[in-house]
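Have a look at the structure below before the remarks.
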Amino acid sequence: MFDNSEFRENDEINDPVERIVNSNKSPLRVLAGPGTGKTNAFMKRIARLLRDGSIPNRMMVSTFTRTAAKDLESEILKLGVNGVENICSGTLHSFCFRILYSMDVLTFTGRVPRPLLEFEKRFILEDLKHYGIAGINVLKDLLKALSTAWARLQHEELGSPRTDIDRVFQSSIISWLRFHKSMLLEEIVPEAYRYLKENPTSPYYYAFDHVMVDEYQDLNKAEQELIDLLSKNCKFMIIGDQDQSIYSFKHAHPEGIANFDQTHPGTHDGRLEICHRCPSQVVRMAKTLIDNNQTKSSQEIYPKDNNPIGEIHIVQWNSLEHETRGIARFIKNRITAGEVKPGRILVLSPRRYFGYEIRNALKESNVHAKSFFHEEILEGNPKKLDECIEQRAFTLLTMLANPDDRVSFRCWCGFGSYNLQAPAWSKLRSFCEETGDSPKTLLQRLIKGEINIPNISRIVSKYNEKQQHIDKLSGLCGNELVDALFPSDKSWTEPFRTLYSEIDEENINAQQLYEVLRTNIIQPELPIDVDYVRVMSLHRSKGLTADLVIVVGCIEGLIPSLKYDVSNLDYQRTLEEQRRLFYVAITRTTRILVLSSVSRLPRYLAHKTRARIDRGGRTIASQFLSELGLTRPTTVLGQSIL
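Take -2 as the starting number for the sequence shown in the working numbering and just add one per residue.
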């Protein structure tokens, strides 16, 4: 429980929240489990600092997502203190962009802040593979390491490439990005870190008296080091939960917050361990589940004394169709009975396909529902034309909005090719670098017969095809533009059309449409106060709360989602993170929790979603269900809850 000795100046205060709010210790690490009042403590501390005379524009509050940042900014404004709107609040990436722009760092270094989307990165890797640097899987690992300034593990120091292949990779990828006038989104924080570290006279170096960081467990080493530089000369507070660390794919490790006191001498701890949000039975189940992790946090979580026991169902259905229609009917029944409002319902799915099926079934039942898998709508294999339709449509929009965008043209030329036309593009790029011409100018000269470049006929053909599309689309706006790019009679266009429907602009042009779609794909913002059922991934539910939470796809291969051809250590790390993800999902509820699985899946669907089945198509329920402890209800047939 809470250690009173760490806050002796406030011994008269018994409430853990008030102790945190009124503490003058620095650095201060607040360990806060799900639903324990983290936001409340955050806001009270900001109010107290303002009340005591802190200058708003010398306070920095960092959040992890755009949704959290917007929610926090709204809460800050409610404080009603003069100048409160000047508090520097937002995501760390947005703050780093501000540094790089205001100090002209990108101009000095000759970089163009055109961020690459996930699918576009595959074309970089294919080009680097063609150069003989390494295979695709090795290149993927190198790309991740580059994004954290080569600190792959929590204990490693930030710095330069460590091996020969690291150095070759960094040189080659930066050269690629410069030629294509683009940047990796993951470069933004390391670039800001390097600038601050090497320029201690920068106004940002001493910009703040107070730095407060939310969701610290989700920061990787580069982000943590950047925060350390910003907080070097001020009061510093972090808040987070090791047991909710779920972003290892960006090299964020739970050790970051767990070992914070070892890297920051004099750290004082505050603990929030009473869950106000979840039913008592859910809290006990969640605690039992997370206790299976060897790297579990030392903190505890307890239900609030007067929390209800809650309504919990663990169900299994005979097929995906039965689950889809059964879950939709369950939701419809609860809404009709007035037990829960649509906007207070979350359906969480480990795969977009299952989420879409439930969303569609809800719509058929006249229940308003929206899905939020925006980060997945551009997934697909660019080497197969029928698997990258969404990518091609979005790339066409990008070229329409930005005719000289080299990344999108590079992608356009490679779609449908087994090697993404890496050899031909390499040859074109070499000519461009020799002549100083852009790819567009060089191809125009080639078509006119002014020059000859052998073995790039496919590139020429794709250029002509692109021009034909652009000629047809030029001048279109609003509904005409959207219908031309994303036809309403094609199912794959629905996510794009949904995003467009939320834009309050009738005659939106190509540039505006591109910016809206790109922003929502890279950094999707989840609406909080809504009147419809929200369907999304488990990752995306972080920070949200609902009266009714339904987690579907609770079968092996999906929850947990694991690779079996890795070392035992990597397997255990992934298993523990997947357990933390499930822990996050089940602690979103305030009243009702449903955990759902199916006993069979079609073979093609299992292959597509990486679910595990036997030869007969049978699945088995997630191992995490049995880890919920003795207080969990018995698994029953899905029909029994209807």
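The beta-carbon is built from N, C-alpha and C at its ideal position, and this holds for glycine as well.
Bear in mind that the values here come from a model prediction, so they are computed numbers and not experimental data.
Quick check on DSSP: helix, strand or coil for residue i?
{"i": "residue 339", "result": "helix"}
{"i": "residue 232", "result": "strand"}
{"i": "residue 6", "result": "The predicted model places residue 6 with a pLDDT of 43, which falls under 50 and marks its position as unreliable; any figure quoted below should be read in that light. If DSSP states are grouped into helix, strand and coil, residue 6 belongs with the helices."}
{"i": "residue 310", "result": "strand"}
{"i": "residue 282", "result": "helix"}
{"i": "residue 636", "result": "helix"}
{"i": "residue 568", "result": "helix"}
{"i": "residue 12", "result": "coil"}
{"i": "residue 346", "result": "coil"}
{"i": "residue 209", "result": "strand"}
{"i": "residue 132", "result": "coil"}
{"i": "residue 160", "result": "coil"}
{"i": "residue 380", "result": "coil"}
{"i": "residue 558", "result": "coil"}
{"i": "residue 102", "result": "helix"}
{"i": "residue 631", "result": "coil"}
{"i": "residue 21", "result": "coil"}
{"i": "residue 513", "result": "helix"}
{"i": "residue 253", "result": "helix"}
{"i": "residue 261", "result": "coil"}
{"i": "residue 663", "result": "No information on residue 663 is available, as it lies outside the stretch -2 to 639 that the chain covers here."}
{"i": "residue 488", "result": "helix"}
{"i": "residue 322", "result": "helix"}
Between the options, which has its C-alpha nearest residue i's C-alpha?
{"i": "residue 476", "options": "494, 461, 460, 463", "result": "494"}
{"i": "residue 454", "options": "420, 250, 276, 221", "result": "420"}
{"i": "residue 171", "options": "298, 380, 143", "result": "143"}
{"i": "residue 574", "options": "632, 610, 289", "result": "289"}
{"i": "residue 352", "options": "321, 578, 338", "result": "321"}
{"i": "residue 625", "options": "249, 508, 595, 579", "result": "579"}
{"i": "residue 600", "options": "70, 337, 317, 114", "result": "317"}
{"i": "residue 141", "options": "123, 383, 174, 182", "result": "182"}
{"i": "residue 110", "options": "180, 614, 91", "result": "180"}
{"i": "residue 307", "options": "628, 639, 636, 635", "result": "628"}
{"i": "residue 301", "options": "287, 582, 33, 581", "result": "33"}
{"i": "residue 540", "options": "178, 61, 303", "result": "61"}
{"i": "residue 620", "options": "635, 390, 572", "result": "572"}
{"i": "residue 414", "options": "120, 592, 104, 26", "result": "120"}
{"i": "residue 15", "options": "355, 267, 446", "result": "267"}
{"i": "residue 245", "options": "623, 597, 576", "result": "576"}
{"i": "residue 581", "options": "26, 49, 305, 284", "result": "284"}
{"i": "residue 410", "options": "436, 429, 430", "result": "436"}
{"i": "residue 129", "options": "162, 116, 106, 114", "result": "162"}
{"i": "residue 346", "options": "51, 592, 484", "result": "592"}
{"i": "residue 639", "options": "483, 310, 57", "result": "310"}
{"i": "residue 484", "options": "386, 319, 20", "result": "386"}
{"i": "residue 375", "options": "257, 489, 461", "result": "489"}
Just to confirm the assignment, what range does the beta strand (DSSP E) spanning residue i have?
{"i": "residue 584", "result": "Here residue 584 belongs to no beta strand (DSSP E), and DSSP marks it neither H nor E."}
{"i": "residue 224", "result": "Careful: residue 224 lies outside any beta strand (DSSP E), inside the alpha helix (DSSP H) at 218 to 227."}
{"i": "residue 546", "result": "543 to 548"}
{"i": "residue 85", "result": "85 to 88"}
{"i": "residue 60", "result": "56 to 60"}
{"i": "residue 177", "result": "Looking at the DSSP string, residue 177 is not in any beta strand (DSSP E), and its letter there is neither H nor E."}
{"i": "residue 404", "result": "Residue 404 -> not in any beta strand (DSSP E); alpha helix (DSSP H) instead, spanning 403 to 411."}
Any Cβ of chain C within less than 8 Å of the Cβ of residue i?
{"i": "residue 36", "result": "The displayed structure is made up of one protein chain only, and chain C is not part of it."}
With respect to the alpha helix (DSSP H) encompassing residue i, which residues constitute its N-terminal and C-terminal limits?
{"i": "residue 395", "result": "386 to 398"}
{"i": "residue 194", "result": "185 to 195"}
{"i": "residue 247", "result": "It is not in any alpha helix (DSSP H) - residue 247 carries neither H nor E in the DSSP assignment."}
{"i": "residue 468", "result": "454 to 470"}
Among all the DSSP beta bridges, which residues are the ones paired with residue i?
{"i": "residue 367", "result": "531"}
{"i": "residue 267", "result": "27"}
{"i": "residue 552", "result": "618"}
{"i": "residue 590", "result": "309, 546"}
{"i": "residue 272", "result": "300"}
{"i": "residue 237", "result": "28"}
{"i": "residue 597", "result": "615"}
{"i": "residue 648", "result": "Shown here, the chain extends from -2 to 639; a query on residue 648 therefore has no answer."}
Exercise. Please determine if the region 272 to 289 and the region 222 to 233 are in contact, where contact requires at least 3 C-beta pairs separated by less than 8 Å.
Key: no
Quiz item: Quick check: the region 601 to 620 against the region 545 to 562, are there 3 or more CB pairs under 8 Å?
Solution: yes
Self-check item: Three or more C-beta pairs below 8 Å linking the region 277 to 289 and the region 35 to 52
Solution: no
Exercise. Evaluate contact between the region 399 to 409 and the region 518 to 532, counting only Cβ atoms and requiring at least three cross-stretch pairs below 8 Å.
Key: no
Practice problem: Inspect the CB distances between the region 202 to 216 and the region 122 to 131 and report whether three or more fall short of 8 Å. | Solution: no
Quiz item: Does the region 285 to 299 touch the region 321 to 339, meaning 3 or more C-beta pairs lie closer than 8 Å?
Solution: no
Quiz item: Quick check: the region 384 to 396 against the region 422 to 442, are there 3 or more CB pairs under 8 Å?
Solution: no
Self-check item: At least 3 beta-carbon pairs within less than 8 Å: the region 444 to 464 vs the region 478 to 488
Solution: no
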